[in-house]
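Chains as they are written, first to last, in UniProt numbering: chain G, 1 to 196; chain C, 1 to 196; chain Y, 1 to 196; chain P, 1 to 196. Note that beta-carbon positions come from the ideal geometry of N, C-alpha and C, so glycine has one too. Predicted model only: the values in this text are computed from it and were never measured.
Protein chains: 4
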Amino acid sequence: MPRPSRWDDVVAAAARVFSEKGFGGASLEDVATEVGMLKGSLYNYIKSKEDLLFAVVRPDAEELLTNARQLKVKDLPASEKLRQIVLVHVEIIDRHLPYVSVYVQEIAGRGISKEWADMDREYMHLVEQVFVEGAESGAFDRGLDAKMAARSLIGAMNWMTRWYEPGDPAQARAVAAQLSDVFLSGVLARRTADPS
Amino acid sequence: MPRPSRWDDVVAAAARVFSEKGFGGASLEDVATEVGMLKGSLYNYIKSKEDLLFAVVRPDAEELLTNARQLKVKDLPASEKLRQIVLVHVEIIDRHLPYVSVYVQEIAGRGISKEWADMDREYMHLVEQVFVEGAESGAFDRGLDAKMAARSLIGAMNWMTRWYEPGDPAQARAVAAQLSDVFLSGVLARRTADPS
Amino acid sequence: MPRPSRWDDVVAAAARVFSEKGFGGASLEDVATEVGMLKGSLYNYIKSKEDLLFAVVRPDAEELLTNARQLKVKDLPASEKLRQIVLVHVEIIDRHLPYVSVYVQEIAGRGISKEWADMDREYMHLVEQVFVEGAESGAFDRGLDAKMAARSLIGAMNWMTRWYEPGDPAQARAVAAQLSDVFLSGVLARRTADPS
Amino acid sequence: MPRPSRWDDVVAAAARVFSEKGFGGASLEDVATEVGMLKGSLYNYIKSKEDLLFAVVRPDAEELLTNARQLKVKDLPASEKLRQIVLVHVEIIDRHLPYVSVYVQEIAGRGISKEWADMDREYMHLVEQVFVEGAESGAFDRGLDAKMAARSLIGAMNWMTRWYEPGDPAQARAVAAQLSDVFLSGVLARRTADPS
DNA sequence: AATGAATGAGCCTTCATTCAT
DNA sequence: GATGAATGAAGGCTCATTCAT
């Protein structure tokens, strides 16, 4: 991974352009124009267009995965782990929307390459494990299909790349809280007032 | 034997090819090969590549919308409306995965054109209204953010295009039921065992 | 191998352009201009630039080889076989100079691919065998290094692509005769008439 | 330790790279990598890629020419002059194969520039003169086409760049001797023992 | 002398689209 | 309706060359 002066500019420009036009729909000329250089000059930084895609997408993907791995070994109730995962996922979307959009649109759930399929799978599995833990501990519903729940949660979060307007960390936290609430408690009214 | 026009073949082939390679990544030659004709011949059926995209995507989009519209005026509890919407959405995915994949990947939540943005918005709104109704009737949680809930549900369902293996209507119904359960009741264990 | 209407034009143009500018130095635009179409249109005939190179070069290479193979099994004195090989080789150069130039410049003696290396080797071997036969039959010098002789003869003939001006079959036959004479008898004056 | 300029390294690297990939097929980056510097740095030594080509090729071309010029004015029988020319030519190929390969492939017999065409022509002419002298002195066959003979000899020698494996001076001398023998005496068995 | 970066031009190839047959 | 051929416009990538540091 080269570290020349304008490397970050290049990747940031690529994230913006790819997320707006799609990887296939964007030309390297678009990216170069966004950075302020000619398309040929990009090749001082990358070896291929695909390289650039991965460079855009890798750091956040790794952060997400690292966070989920660390959470796994912590001693927390499943519901709390779930809230944490959602919080970090949503915060990354808030801070790095274009990067994550590209990941979601171009890589997640596609069979791009073994490496990325493995990352995908591992993240899915870590989320799934949270549901499994919850079910086994009795905190979550016994009949829960953990894999389905994980897929649904990830889908709901990734779908944010289609509607979320980033830039407000407070709102990100609010969204994360609501999402967690829905997945934990559902939308039905609590029978809180049930007898005592 | 009347040789019917091969319009349906063309659209089906396009759905398969677009869902596999993406709209941008697929060439009309790919589509033509899949139907068994030459790319020039496609222009006996379509006026442009984009035409073909819309042709692939429109019927299911309209079915989804029609269903949601009809449901809106029915006299059913919100939870039941929600179950119905999920069921139809999932069944369409089961029956027409390639078509829906193309819609989700290329059109949903993108600003392709006013027409499609309107359809998107209307469907979203109809789903949102179910949550609003539920909250107003007291069946759903008062503090619920209906828009967020609708977006999450749609995201979770559309994400199925990345993992669902179609062809089994029974499994489709099961998935729909589980999804509805999670969104209605959450994953937390019910305090069913409360006395009496 | 496609056979559309202008296939031969395309290959002939490529032969001219490649032989003039070299394969690497020639652009497909050059070739297209020579045929009178746009460079993109060439791809209705070929799959890649290299394809075109092989198409240019294959027919004559095969003719040369076929001729040498047929000669091998004929019952002729070695000196006559040698004259025949030279004659055919020189005639092909006379009739198809640009094609042969491309072969000599870009393919002969280079390790382009196994297929071509094999053709090269076989032709060399067939020529070498003529010298071996001659030496074994006593017609040629016993101490002759057949491989060196074959290489030298082929080199001398192929070098014609750098100087020969084609279009005169009679001159081609004359050149072939002289070449054969030199290789058979050398340039030294015969001591034939020496008695007296 | 004085660090001498790396001019020679640069030229040697260029010779290797050009002879392997061809002048057109080789990039200056290839050359730079072979020397161990970056392509921009090459411009501390050369003014253009073509410059480098000429630098690679000139010394040996001049040596060949100088040798042929000196030989011309010596008082030697034509057959001896021919042996000398062949010997020097082959020895240079043995010692400097990559350089000569580049010359043969890219320059000899092409109309690169007047300067090089003149060198070509002069060398050819000097070789031709040897055959003329031989014919006039009666040592060589009267009917000999001196130009054809010279072209054939040069072709045979230059063709060595396609097959010769350098590094063994003794073998170089052997090859030179055989080549001279073939051109002088041909391959036909001598009727030396024919008396009676 | 060397480097890293940028330039600008060109090249192979792809592709949506058109059209005569 | 279908085909083969052509078009024109990009697009990804390479590369000789320049230049400030």
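- DSSP, reduced to helix, strand and coil, places F18 (chain C) within a helical segment of the structure shown.
- Between K74 (chain G) and V130 (chain G), the C-beta spacing is not below 8 Å.
- Beyond the five residues adjoining it in sequence on each side, P59 (chain C) comes within less than 7 Å, by CB distance, of no other residue in the same chain.
- Distance from the CA of V187 (chain P) to the CA of R16 (chain P), rounded to the nearest whole angstrom, comes to 35 Å.
- In the DSSP assignment, G155 (chain P) falls within the alpha helix (DSSP H) that extends over A146 to W159.
- When the beta-carbon positions are compared, V182 (chain G) and F183 (chain C) come within less than 8 Å of each other.
- Along the segment 155 to 168 of chain C, the positions whose C-beta sits under 8 Å from a C-beta of chain G are G155, A156, M157, N158, W159, M160, R162 and W163, read in chain order.
- Between V86 (chain P) and S180 (chain P), the CB-CB gap stays under 8 Å.
- Taken through DSSP and simplified to helix, strand or coil, L188 (chain Y) comes out as strand.
- Here E136 (chain Y) has no same chain residue with a Cβ atom under 8 Å from its own Cβ, once five neighbours each way along the sequence are excluded.
- Between the segment 99 to 107 of chain Y and the segment 139 to 156 of chain Y, the count of C-beta pairs closer than 8 Å stays below three; the two stretches do not touch.
- For F140 (chain Y), the three-state secondary structure derived from DSSP is strand.
- For the options P:M124, P:A176 and P:P169, the alpha carbon positioned closest to that of R69 (chain P) is the one of P:M124.
- Here V56 (chain P) is not near V90 (chain P), since their CB atoms are 8 Å or more apart.
- By the CB criterion at 8 Å, D145 (chain Y) and Q178 (chain P) fall inside the cutoff.
- With contacts defined as CB atoms closer than 8 Å, M160 (chain P) and I93 (chain P) qualify as a contacting pair.
- Rounded to the nearest whole angstrom, the CA to CA distance from K47 (chain G) to K147 (chain Y) is 46 Å.
- Under the 8 Å criterion on CB atoms, S19 (chain P) is classed as non-interfacial with respect to chain Y.
- Within 7 Å of the CB of R151 (chain C), the CB atoms of chain G belong to W159 and W163, in sequence order along the chain.
- Against chain Y, a Cβ distance below 8 Å from S27 (chain P) picks out nothing, because the smallest value is about 11 Å.
- Note on geometry: alpha-carbon atoms of V31 (chain C) and D51 (chain C) lie some 13 Å from one another.
- What S185 (chain P) touches in chain Y, judged by beta-carbon distance under 7 Å, is G186 and L188, going in chain order.
- The beta carbon of E122 (chain C) sits closer than 7 Å to those of L65, all from its chain and outside the five residues before and after it, given in chain order.
- Assigned with DSSP and collapsed to three states, G167 (chain C) falls in coil, not helix or strand.
- Under the Cβ criterion of 8 Å, A176 (chain P) is not counted among the residues facing chain Y.
- Residues of chain P whose Cβ lies closer than 8 Å to the Cβ of L179 (chain Y) are, in chain order, M148 and S152.
- In the three-state reduction of the DSSP assignment, H96 (chain G) falls in the coil class, being assigned neither a helical nor a strand state.
- What L144 (chain Y) touches in chain P, judged by beta-carbon distance under 7 Å, is V187, going in chain order.
- Closest option to R173 (chain Y), judged by alpha-carbon separation, among Y:S5, Y:R95, Y:D9 and Y:A150: Y:R95.
- When only Cα atoms are considered, Y45 (chain P) and M37 (chain Y) end up about 42 Å apart.
- The C-alpha of K39 (chain C) is placed about 59 Å away from the C-alpha of P77 (chain Y).
- For the alpha helix (DSSP H) assignment, the uninterrupted runs of no fewer than 4 residues enclosed by the UniProt DNA-binding region "H-T-H motif" (27 to 46) of chain G are, from N- to C-terminal side, 28 to 35.
- In summary, no residue of the segment 110 to 129 of chain P has a CB separated from any CB of chain Y by less than 7 Å.
- Here the C-alpha atom of F54 (chain C) lies approximately 39 Å from the C-alpha atom of A139 (chain C).
- Annotation: D51 (chain Y) has no Cβ neighbours in chain P at a cutoff of 9 Å; minimum Cβ distance is about 18 Å.
- For E128 (chain C) against A150 (chain C), the beta-carbon gap comes to about 4 Å, under 8 Å, which counts as contact.
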